[in-house]
Every structure is written in C-alpha cells, then in structure tokens.
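Residue numbers (the numbering used here): 886 to 1155.
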C-alpha cells in the first residue's frame, strides 16, 4: 500500500535585515579646516583680515598674546605660531620687551644705497628732492595691467631730481595710479618734503609695504643727462621699482637713473 506524505512546509522567510543607522552628520568644518589650513594658519588668516581692515594702525601694538588666545579659544602656542607667520610676511614685527606691532611699512628704502656720492671718511649728507615736472596722462598698456586700470585709466607721472650738496645725483620717473593718488595732483609739490612714502600715507592713505628693485645699465639720453649735469650717452645705472601695499596691490612704478661710475652694491652672504 502506498502511503502519500504531505510535502514538508517551507521554512518561514527570514525577516529582512534592518538598514544600518545613518552616521550622525559631521559638524561643519571651521574655515581653517575647510581651506585645508592648520589651526594656527586659520588664526593667522583671521588676524590678517583685521590688520588689512585697519583695526590696528601701522606702528600700533596689537593685543597681547594671552588676550588673543582667549579671544580665539586656542592655546598660547597656537597664537605664537600664527603671529610668527605674519611676522614672516612682514605684516607684523616683534619688539623685544614691548610686544608685537603692525609693520609701519617702508620709510623710503632710498635708491642712494646703490650709489656712493661722497668721499670715504666724510660724513654722509641727507639728500634733498625737487619735483622737476608733474603731469596727468593715460596709462599705457603695461601700467594699466599692473595697476588694474581700465583702458581709459589715468596715472600721475612725476619727475624728481635728488641732490647731495646741491649737486644732482639721481633722476627719478615715478608713475602713480589715479584716483588713488589724486590728492597729489591737487597740491603744491613744494610742500611735499624730501620723502615720498610718508607723504603717500599722510595725503593718500597709501602704505607702501614692500618693494622690488631690478637693476640694469644703460646710457643717458640728452634730456636725462641735462638733469644730472652729465654728458649725453654717459653710462648710468637704472633701478626699476615695483612698490606694493599690504594687500599686494601695486601702488607705484619708479625708474631711477644715476651715474654708473658712482654705483656701489654690497651684499652679505651667509
């Protein structure tokens, strides 16, 4: 006799696994983390913005390190690293026993350091300056690019003669962007004094922070030689300077010419 057997019941399906809980969202990155900076790099960036915004005037002391550390919620070591970055960049300077100060900028960085216009053993005499000419003109293509001007942008061009003991020694052609230097186009050059960089800051609010000088040699044209009381074709040193403010913006183009036979340059290499 054949016995029929009922098929074995199928096993109950296993319940579907519950989805794994989503990880908690990470906190929003701080500006320093978002930019891939270290913590002290982020603090340095924040301090840089405050300096460029004029919170501290050139030559003014910034807050003490302890106060800055408390303000930013970081350790003293982090603040010191941030300040060191800004000192390396030239925005700050440390004065032993006094604190950390905003850099006052270049006082002039005189071109006379490239020349020797006195007899060895005699005392150096301060140079005097005279503005020989001043005019407004349209910026050329290079000037417009360097200064960030449009095609119709204008510049103020100065020709300055620097003298020692009443003898002309340097001839300078200085180009300044407008409207940044408009106050100098409207005032009498006889009231400017002998140093231009302090004048830029006082009259135009422009602080020259750094400058780059390129040296070459050439011959004086007849007009240049007349200004310097030399013969046409006389060999001269040409120093071309690009000066910038604390934001890196170019604020001055200067070309200085002087007697090549008076050229003297000393470099210390360590």
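Ideal Cβ placement from N, Cα and C applies to all residues, glycine included. Model, not experiment: these values are computed from the prediction.
Item, Value
"Where residue 1141 sits in the DSSP three-state scheme", "strand"
"Neighbourhood of residue 1154 by C-beta, 8 Å cutoff - its chain only, sequence neighbours within 5 removed", "none"
"Where residue 947 falls: helix, strand or coil (DSSP)", "coil"
"Test item: CB-CB of residue 1116 and residue 1061 under 8 Å", "no"
"Contact belief for residue 1141 with residue 1081 at Cβ below 8 Å, rounded distance in angstroms", "That belief does not hold up - the Cβ atoms of residue 1141 and residue 1081 are roughly 12 Å apart, past 8 Å."
"Own chain partners of residue 944 with C-beta closer than 7 Å, once the 5 adjacent residues on each side are dropped", "986, 987, 989"
"Secondary structure of residue 845, DSSP reduced to three states", "Only positions 886 to 1155 of the chain appear in the structure, and residue 845 is not among them; the question remains open."
"Identified DSSP bridge partners for residue 1123", "1101, 1142"
"Exposure of residue 1064, with buried meaning 16 or more beta-carbon neighbours within 10 Å", "exposed"
"Best match in 1069, 1150, 1088, 1111 for proximity to residue 1098 [C-alpha to C-alpha]", "1150"
"Heavy atom of the ligand NAD within 7 Å of residue 1045 beta-carbon", "Of the ligands one can find in the structure shown there are none, so the ligand NAD has no counterpart to examine."
"Contacts around residue 1089, its chain only, beta-carbon distance under 6 Å, and the 5 residues preceding and following it disregarded", "1066, 1068"
"CB contact flag (residue 1074, residue 1019, <8 Å)", "yes"
"Close Cβ partners of residue 942 (< 8 Å) along its chain, the five nearest in sequence each way excluded", "987"
"Bounding residues of the beta strand (DSSP E) (the contiguous stretch that carries residue 977)", "977–980"
"Proximity winner among 1087, 1108, 1052, 1095, relative to residue 1058 (alpha-carbon distances)", "1108"
"Inter-residue spacing [alpha-carbon to alpha-carbon] between residue 1032 and residue 1096", "14 Å"
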